[in-house]
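For the sequence shown, my numbering assigns the number 271 to the last residue and increments by one with no breaks.
Positions of the beta carbon are idealized from the N, C-alpha and C atoms, including for glycine.
Working notes, structure below.
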Amino acid sequence: MCESYDERRGMREKEAAGYLGVSIKTLQAWRFQGRGPKYSKMGRACVYTKQWCDEFRDAGVVVQLGGAA
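Shown next as structure tokens:
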């Protein structure tokens, strides 16, 4: 996580992409497609919170039960 993260300010696009381990272009594509983490707009900037990024990441968790295939 970015050391300069300020919960009141949130993360800008570059910081959120780095936090999620994806490119900025991927984050932009997800927004355009209506998927990806929640965000809010502050002027022209898209702002993400750590909580929203964590919720998005955790929603995609796949747990395999049983033996290995």
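### Query
Cα-Cα, which of G268, K240 and L267 is closest to G212?
K240
### Task
Apply the 10 Å Cβ neighbour rule to M203 and answer buried if 16 or more other Cβ atoms are within range, or exposed otherwise.
Its pLDDT being 47, under 50, M203 is placed unreliably by the model, and the measurement read from it follows with that caveat. With fewer than 16 other Cβ atoms within 10 Å, it is exposed.
### Query
Where does G238 land, buried or exposed, given buried means 16+ other C-beta within 10 angstroms?
buried
### Query
Once you ignore the five residues that flank Y250 on each side, which residues in its own chain have a CB closer than 7 Å to its CB?
G212, M213, A218, P239 and Y241
### Message
Here's the rule I'm using: 16 or more other beta-carbon atoms within 10 Å means buried, otherwise exposed. How should L222 be labelled?
### Response
buried
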